[in-house]
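Here is the structure we will look at, set down as structure tokens.
There are 2 protein chains.
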Amino acid sequence: MPASDVVEQPEQPWSRRRLRSTNERLLLDRLRALGAASRAQLARETGLSKPTVSSALASLAAAGLVHEVGTQAPERGRTAVLYAPDPAAGYALGVDIGRGWLRVAVVDLDGTVVARADIRNRARASAALTDLVVSTARQVIANSGVDPARVVHGVVGTPGVYDEKQRRVRYAMHLPGWGRAGLVDGMRTELGVPLEVHNDANLAALGEYTYGVGAGSRLFAYILIGTGLGMGVVSEGRLFTGARGLAGEIGFLPWHGRQKQERLEDAVSGVAVVESAREFGMRGQLTAKAVFDAARQGHPGAVRAVELEGERIAHTVAAAAAVLDPDLVVLGGGVGHSVDLLLRPVRERLRALTPLRPRIAPSRLGEDAVLLGAVATALDTARDLVFERRTAGT
Amino acid sequence: MPASDVVEQPEQPWSRRRLRSTNERLLLDRLRALGAASRAQLARETGLSKPTVSSALASLAAAGLVHEVGTQAPERGRTAVLYAPDPAAGYALGVDIGRGWLRVAVVDLDGTVVARADIRNRARASAALTDLVVSTARQVIANSGVDPARVVHGVVGTPGVYDEKQRRVRYAMHLPGWGRAGLVDGMRTELGVPLEVHNDANLAALGEYTYGVGAGSRLFAYILIGTGLGMGVVSEGRLFTGARGLAGEIGFLPWHGRQKQERLEDAVSGVAVVESAREFGMRGQLTAKAVFDAARQGHPGAVRAVELEGERIAHTVAAAAAVLDPDLVVLGGGVGHSVDLLLRPVRERLRALTPLRPRIAPSRLGEDAVLLGAVATALDTARDLVFERRTAGT
DNA sequence: GGCTCTAGTAAGGCTCCTTAACTTTATCCG
DNA sequence: CGGATAAAGTTAAGGAGCCTTACTAGAGCC
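Sequences listed follow chains A and B, in order.
If you count the first sequence from 1, you need to add 2 to reach this note's numbering.
If you count the second sequence from 1, you need to add 2 to reach this note's numbering.
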């Protein structure tokens with residue numbers, strides 16, 4: 003899954019150099035996980051000796067990866083100098099290419115957003131869309147005031163699956179022309195930032211896991227219900243992608259609909275809510291949001307449509323639960339937004355369907371899940387890159 | 003899921019000692035993966051220097067982990083001394099507790115079986131069963147001629163899921179009394195071998211992955227169809243267990259059977275084949291095997307029952323495929339045995355159900371899958387243990 | 001027998017870690 | 001206010017382990 007630009011170290015032998023580097027990495031990770039700490043403290047926690055910690059930290063500081071952030075007086079004794087990772091040592095780029103919106107964010111190594119843009123995606127051709135992505139990203143980087151050269155990695159979220167070999171996005175039904183080969187390569191060279199591409203549901207899962215309600219879950223599933231139906235799975239902190247990156251394509255789950263060829267995706271996504279509302283007697287220009295609003299007002303047809311949607315979501319959750327055994331399932335996406343109405347019917351129906359009942363929760367990040375997932379993924383690589391390059395030129 | 007006996011190293015700091023140990027491990031793994039090799043060859047492949055390889059290998063040899071296994075003359079130049087891992091440096095125990103059979107095997111570190119027993123499991127109470135397991139294991143170890151102290155680790159496969167906290171097996175429907183707490187601890191102390199317990203379908207998957215048709219698969223699913231219905235998933239060589247070890251409990255997949263409360267397990271397992279055969283007009287004392295045999299003879303009722311079973315398996319495979327995206331699905335277990343008849347209907351039905359069509363293959367290991375999976379899992383830990391202990395007493 | 005090529009060993013040096021003692025700086029207490 | 005105590009951090013000495021270089025050992029070829 004790494005973009006081609008991400009160089010794989012050719013399996014360095016375990017020489018002394020690597021020992022030093024491993025210890026520096028150990029300290030840096032410790033600082034990132036637990037926040038600022040003094041050298042003596044780090045020595046105690048890592049088991050390294052004080053002199054070693056001092057020298058490694060000095061070398062990290064020289065490379066600009068850590069810096070002093072203050073002091074702390076212990077109960078008695080000399081005041082300690084605290085060190086913390088320097089968030090400005092590098093930056094990462096996150097992009098969410100959705101059907102309706104394009105979102106771009108630049109974050110520092112701490113993960114704090116330093117600049118961001120959300121603009122409507124009105125592009126109706128792939129060329130216009132890549133242009134929009136590139137110009138928006140440039141704009142956001144410029145706004146952040148960050149030297150573009152310090153943006154070391156980027157991750158793009160999009161419907162569909164990126165095929166590394168064919169260098170194109172596949173299965174992106176809802177974006178016209180988006181399957182053409184070389185689009186991503188074009189953006190990469192125009193931006194001058196290494197880019198990785200991932201499925202939007204997968205990234206949303208990772209975003210919700212890193213910044214949202216998924217934190218600490220051992221096996222976490224994020225179900226994205228909107229224009230389409232998708233699922234992202236995070237297993238022990240890592241994205242679960244399957245053999246070809248198609249894991250979580252639950253739109254293809256077996257489903258006995260009215261028509262022979264109906265797919266689960268058509269039965270659960272936003273369109274289906276509108277359809278069933280119409281069958282239950284609602285009239286006029288309907289959207290999924292309108293149906294949910296009407297249900298909140300007590301409109302009987304809308305209520306029944308929501309009930310039905312809840313049952314179908316329960317069916318989906320039950321299937322995922324039987325295969326994956328998640329401890330937490332989060333509902334997100336356009337329809338997932340109306341979780342207040344859906345949660346009860348989903349849970350009730352689930353009780354009838356299966357003894358495996360994972361915790362079900364609404365998304366905390368909402369529309370930002372994909373973008374934040376992209377950012378989190380990019381950060382992972384960016385942190386590695388910045389560390390690897392610490393010895394090379396500035 | 004490591005048993006409590008398996009001590010976790012308390013996160014050694016990265017001192018030189020660990021460097022040495024890591025290099026020794028690197029060499030040992032290389033030898034295990036590629037077979038015998040000379041020191042010069044190892045130096046070239048690992049990037050370590052010849053002196054380092056020599057000294058590390060000498061230390062491994064002193065610990066009894068590797069030994070000379072012959073010589074090899076290069077095209078020209080001095081003949082090289084070949085080194086290989088010593089398979090007798092330790093042994094592992096595998097146990098498959100099935101409803102019908104109890105299987106036990108002792109293997110050396112190369113994975114070759116040095117002793118084995120397959121005996122009928124007629125125990126109808128948990129105490130009788132643990133006694134049987136312990137006495138059989140003792141017998142097998144005795145037969146192998148191996149010093150019992152050198153059997154460093156064991157893995158037990160059983161239906162259900164082992165709950166580490168409650169120290170008991172849960173969800174083991176088909177073994178009477180098997181859910182009592184402390185049973186495994188009892189066997190462990192009686193045998194004097196650290197024991198881990200895993201779900202049988204999971205182990206079968208790992209067995210088929212390690213020794214069977216699953217080799218090299220990125221995401222591999224093994225569906226066990228017999229008395230019950232289960233699935234094991236191997237993702238990038240590691241068992242995928244879910245949050246609580248219940249991943250692959252596909253007996254709980256949503257299913258619209260005739261009766262309201264029918265579960266997929268009841269619709270797919272061996273009993274279901276008999277049932278539908280009876281509905282299609284077969285008479286007499288039926289077993290799943292008998293139905294399949296009749297279908298091979300062309301009995302129309304049996305043929306239709308098999309066809310139906312194939313469709314239901316396809317439903318199962320389709321659900322698993324949509325969630326996991328496996329590149330290979332293997333059918334195993336009692337019913338899976340008759341894959342010759344099932345493969346065509348499964349594939350045909352799958353074509354109609356979903357565009358995701360993983361490769362489907364019959365099990366190569368058959369009844370041995372669980373045992374071999376247990377053995378493979380135990381070996382993993384045994385190799386670690388033997389390596390860790392190399393510095394301690396003999 | 002000499003040449004060449006490969007396997008393996010020996011010696012010396014380098015890097016990096018640890019231990020132990022020491023300095024610095026703070027609080028506590030008489 | 002000055003000494004005892006304690007913690008942070010530095011300096012110095014020693015050692016473990018790896019690499020490089022240079023060498024020896026053995027095998028085939030001319």
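All C-beta atoms, glycine included, are put in the ideal place defined by N, C-alpha and C.
Any non-hydrogen atom of the ligand NAD closer than 8 Å to residue i Cβ
i, result
"VAL153 of chain A", "The model depicted lacks the ligand NAD and carries no ligand whatsoever."
Beta-carbon proximity check, residue i vs residue j, cutoff 9 Å
i, j, result
"ARG122 of chain B", "VAL106 of chain B", "no"
"VAL325 of chain A", "LEU326 of chain B", "yes"
"LEU381 of chain A", "GLY113 of chain A", "yes"
"HIS233 of chain A", "ALA279 of chain A", "Per the sequence shown, residue 233 of chain A should be read as Met rather than His. Taking 9 Å as the Cβ cut-off, MET233 of chain A and ALA279 of chain A do not qualify as a contacting pair."
"ALA384 of chain A", "GLY92 of chain A", "yes"
"LEU241 of chain A", "ALA292 of chain A", "no"
"LEU344 of chain B", "ARG298 of chain B", "no"
"LEU177 of chain B", "LEU95 of chain B", "no"
"LEU333 of chain A", "PRO364 of chain A", "yes"
"VAL71 of chain A", "LEU30 of chain A", "no"
"THR356 of chain B", "ALA378 of chain B", "no"
"PRO161 of chain B", "GLY247 of chain B", "no"
"VAL158 of chain A", "HIS200 of chain A", "yes"
"PRO347 of chain A", "GLU390 of chain A", "no"
"ASP205 of chain A", "VAL372 of chain A", "One point to set straight first is that residue 205 of chain A is Leu, not Asp, in the sequence displayed. In contact: LEU205 of chain A and VAL372 of chain A (Cβ atoms closer than 9 Å)."
"ARG359 of chain B", "ARG366 of chain B", "no"
"ILE225 of chain B", "ALA307 of chain B", "no"
Three-way DSSP call (helix, strand, coil) for residue i in this model
i, result
"GLU77 of chain B", "coil"
"SER128 of chain B", "helix"
"GLY37 of chain A", "coil"
"PHE222 of chain A", "strand"
"VAL154 of chain B", "strand"
"VAL83 of chain A", "strand"
"PRO364 of chain B", "strand"
"PRO12 of chain B", "At PRO12 of chain B, the pLDDT of 40 sits below 50, so the modelled position is not reliable and the matter cannot be decided from this model."
"HIS301 of chain B", "coil"
"HIS69 of chain B", "strand"
"ASP382 of chain B", "helix"
"ASP88 of chain B", "coil"
"THR396 of chain A", "Bear in mind that the predicted position of THR396 of chain A carries a pLDDT of just 40, short of 50, making it unreliable; the figure below should be weighed with that in mind. Correct three-state label for THR396 of chain A: coil."
"THR51 of chain B", "According to the sequence as given, residue 51 of chain B is Ser; it is not Thr. Note: SER51 of chain B maps to coil in three-state DSSP."
"PRO4 of chain A", "Summary for PRO4 of chain A: the model assigns pLDDT 38, below 50, so the residue's position carries little reliability, and this model does not support an answer."
"LEU231 of chain A", "strand"
"SER57 of chain A", "helix"
"ASP295 of chain A", "helix"
"THR138 of chain A", "helix"
"THR243 of chain B", "coil"
"THR289 of chain A", "coil"
"SER23 of chain B", "helix"
Among the options, the one whose alpha carbon lies nearest that of residue i
i, options, result
"LEU33 of chain B", "B:SER17, B:SER51, B:VAL55", "B:VAL55"
"GLY218 of chain B", "B:GLY239, B:SER17, B:GLY188, B:HIS69", "B:GLY239"
"HIS301 of chain A", "A:ARG22, A:VAL273, A:ARG285, A:VAL270", "A:ARG285"
"GLU210 of chain B", "B:GLU369, B:GLN168, B:ARG349", "B:GLU369"
"SER271 of chain B", "B:ARG140, B:GLY336, B:VAL305", "B:GLY336"
"ASP268 of chain A", "A:GLY184, A:VAL319, A:ILE227, A:ALA127", "A:ILE227"
"ALA245 of chain A", "B:ASN145, B:ALA249, B:ILE252, B:SER237", "B:SER237"
"ALA90 of chain B", "B:VAL148, B:ALA139, B:GLN74, B:THR81", "B:VAL148"
"ARG126 of chain B", "B:VAL215, B:TRP103, B:LEU231", "B:TRP103"
"GLY49 of chain B", "B:ALA64, B:LEU62, B:LEU28", "B:LEU28"
Residue range of the alpha helix (DSSP H) that includes residue i
i, result
"GLY188 of chain B", "185-193"
"LEU420 of chain A", "Any property of residue 420 of chain A remains undetermined from this structure, which presents chain A solely from 3 to 396."
"VAL270 of chain B", "266-270"
First and last residue of the uninterrupted beta strand (DSSP E) at residue i
i, result
"TYR211 of chain A", "Counting along the chain, TYR211 of chain A falls outside any beta strand (DSSP E), though it belongs to the alpha helix (DSSP H) covering 202-213."
"ALA119 of chain B", "115-122"
"ARG170 of chain B", "170-172"
"ASP112 of chain B", "No beta strand (DSSP E) contains ASP112 of chain B, which DSSP labels as neither H nor E."
"GLY334 of chain A", "330-334"
"ILE99 of chain A", "93-99"
Would you say the stretch 147-155 of chain A touches the stretch 219-228 of chain A, given that touching needs at least three Cβ pairs under 8 Å? no
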